[in-house]
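Data first, discussion second: the structure below is written as structure tokens.
Number of protein chains: 2
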Amino acid sequence: MKDINKFIEEVFNKRYTCKGYDSEKQVSDEDFRTIIEAGRLSPSSFGFEPWKFILLKNRDVLEEIKPYAWGAHASIEGASHFVLILARTPKHMKPGSEYLRHIKSDIQKWPDDLLKQRSKKYGEFSDDDFDLNSDRAVFDWTTKQVYIPLANMLTTAAMLGVDSTPMEGFHQEKVNEVLVKNGVYDKEDFRLAVMVAFGYSNREHREKTRREVDEVFEVFE
Amino acid sequence: MKDINKFIEEVFNKRYTCKGYDSEKQVSDEDFRTIIEAGRLSPSSFGFEPWKFILLKNRDVLEEIKPYAWGAHASIEGASHFVLILARTPKHMKPGSEYLRHIKSDIQKWPDDLLKQRSKKYGEFSDDDFDLNSDRAVFDWTTKQVYIPLANMLTTAAMLGVDSTPMEGFHQEKVNEVLVKNGVYDKEDFRLAVMVAFGYSNREHREKTRREVDEVFEVFE
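Just so you know, the protein sequences line up as chains R and Y, in that order. The letter at position 136 of the first sequence is residue 137 when you use the working numbering, and the numbering goes up by one with no holes. The letter at position 179 of the second sequence is residue 180 when you use the working numbering, and the numbering goes up by one with no holes.
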């Protein structure tokens, strides 16, 4: 096997969800920067990058979300970096929004004719192909995109020897309220999708378990 | 900068969505195996691994989905490997299902007391925290999990120098129907979430565009 294949398979075999952190150990600025770069450079449907990453350092806010975030206690207590991954609200994701104009014109710099063509395509996709017919459906679709940088940040951490914890174990509505009330972000623009912590474990972890390849992969000829 | 940080940032800067494949060039078995391993070993909420990966080789089925999959034409025509990423149907993801029992008992091998505790937690999470109150909401949540292996497969391909195309550009309902009708999978168990192709590009691609870091990342102190 080539070295790079071996390295990759080892990384994926080793990565696990950290359940307790050594609060004395900090992730270096360089490693954290690379983790955020992995998020920032991730792909997304139509290239809309409908995310924002917030490094939440404020102890008071962290303590205030704790009662509504059972899956985050160990990370709040000991992780080096605690990150909120936000998804854009449906307002921004609807065909014709100012945010989508910004992405398509200012960032992707599509020429006018292609821009119109792509906008039409997105309208069809949204109405018809993926049937994004409610705010909930739009938000869930947006959040799917946001799980791509989440995955890339976890994998990058593992490649750097940094432990991590992805967290869905929180009450979405309540944690969102606390964050908005404290001015962490504007509820018109963003909603909390998922959280992720980085640091160094202070304990052994359970052996990794996964279904074998013949249970998850098939060839249809 | 350390070599590994440099390597990772280069990989994420280089990865892009391939728009046209050289149909003469095949991804090696070894590389494809590593890509599937990256998917298989991915994390998911509660470790439920609610996915299946199908390498679709059948030309007739590929041609039959084409009219309903505008985003897949280039991949159907030239990619070396065309993969369907399926998500489990809500039937399997509801608290108490046989599938979840299989994962928790046979795969994760939780002892009885912890198993009960975790099942209770999942029930609360599902009913309350994430408000998974309809089949659509359950399926969308399941699909979020499935975007984690998608991301890891794309990143792994990039590390191996393999080009790739994630595809949402298809009519979900219609493509699903064609696949089920042809016996690719059982509609009781799975639904198509997203597709991804691997191969080697036959053209130059647009320069990568992303918002700068100050537009996607903030610190809240």
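All residues carry an ideal CB built from backbone N, CA and C; glycine is no exception. Note that this is a predicted model, so its numbers are computed, not measured.
Item, Value
"Is DSSP giving residue 52(R) helix, strand or coil here?", "strand"
"So, is the C-beta of residue 43(Y) closer than 8 Å to a C-beta in chain R?", "yes"
"Contact between the stretch 202 to 218 of chain Y and the stretch 43 to 56 of chain R is defined here as three or more beta-carbon pairs at a separation below 8 Å; is this criterion met?", "yes"
"Identify which residue in 31(R), 22(R), 37(R) and 29(R) has its Cα closest to the Cα of residue 156(R).", "37(R)"
"Just list the residues that DSSP pairs residue 82(Y) with in beta bridges.", "199(Y)"
"Show which residues of chain Y have a CB atom less than 8 Å away from the CB atom of residue 172(R).", "129 and 130"
"Exposed or buried, residue 93(Y), counting other C-beta atoms within 10 Å across all chains shown (16 or more means buried)?", "buried"
"With a threshold of 8 Å between beta-carbons, can residue 214(Y) be considered close to chain R, or not?", "yes"
"So is residue 159(R) in contact with chain Y if we call contact Cβ pairs under 8 Å?", "no"
"Whose C-beta lies closer than 7 Å to the C-beta of residue 142(Y) among residues of the same chain, with five residues either side of it excluded?", "131 and 133"
"Sorted by chain position, which residues of the same chain lie with C-beta nearer than 7 Å to residue 72(Y)'s C-beta, five sequence neighbours on each side aside?", "168, 169, 170 and 171"
"Restricting to Cα atoms, I'd like to know which of 160(R), 154(R) and 95(R) is closest to residue 195(R).", "154(R)"
"Please list the residues of the stretch 95 to 108 of chain R that have a C-beta atom closer than 7 Å to any C-beta atom in chain Y, keeping them in chain order.", "108"
"Have a look at residue 158(Y) and residue 186(Y) and give me their C-alpha separation to the nearest angstrom.", "25 Å"
"Given that residue 204(R) touches chain Y, what residues does it touch there, using C-beta distances under 7 Å?", "Result: empty, since nearest Cβ-Cβ is about 16 Å, beyond 7 Å."
"Let me see if you follow: with CB-CB separation under 8 Å, is residue 143(R) close to chain Y or not?", "no"
"Strictly by DSSP, which residues pair up with residue 22(R)?", "202(R)"
"Counting only the same chain and skipping the five closest in sequence on each side, list residues whose C-beta sits under 6 Å from that of residue 183(R).", "62"
"Can you tell which of 17(R), 84(R), 16(R) and 120(R) has its C-alpha closest to the C-alpha of residue 198(R)?", "84(R)"
"Please look up how many angstroms separate the CB atoms of residue 180(Y) and residue 32(Y), rounded, as I've assumed it's under 8 Å.", "Not confirmed; about 25 Å, so no contact."
"Taking 8 Å as the CB-CB limit, is residue 196(R) close to chain Y?", "no"
"What residue range does the alpha helix (DSSP H) around residue 167(R) cover?", "That residue, residue 167(R), is in no alpha helix (DSSP H); its beta strand (DSSP E) goes 164 to 168."
"Using a C-beta cutoff of 8 Å, does residue 24(R) count as contacting chain Y?", "no"
"With DSSP collapsed to three states, give me the class of residue 11(Y).", "helix"
"Apart from the five residues just before and just after residue 20(R), which ones in its own chain have a Cβ nearer than 6 Å to its Cβ?", "75"
"Pick helix, strand or coil for residue 99(R), following the three-state DSSP scheme.", "helix"
"Please name the residue in 209(R), 200(R) and 205(R) whose C-alpha comes closest to that of residue 81(R).", "200(R)"
"Reducing DSSP to helix, strand and coil, say where residue 115(R) ends up.", "helix"
"With 8 Å set as the bound, which would you pick, yes or no: does the beta-carbon of residue 167(R) sit closer than that to a beta-carbon of chain Y?", "yes"
"Which residue's Cα is closest to the Cα of residue 204(Y): 126(Y), 17(Y), 66(Y) and 3(Y)?", "17(Y)"
"Leaving out the 5 sequence neighbours to the left and right, which residues in its chain are closer than 7 Å to residue 109(R) when beta-carbon positions are compared?", "48"
"Just reading off the beta strand (DSSP E) that residue 219(Y) is part of, what are its end residues?", "218 to 221"
"Ends of the alpha helix (DSSP H) at residue 139(R)?", "136 to 160"
"Beta-carbon within less than 8 Å of residue 191(R)'s beta-carbon, same chain only, minus the 5 sequence neighbours each way: which residues are those?", "53, 87, 88, 89 and 90"
"What would DSSP say about residue 226(Y), mapped onto helix, strand or coil?", "The first residue shown for chain Y is 2 and the last is 222, placing residue 226(Y) beyond what the model contains."
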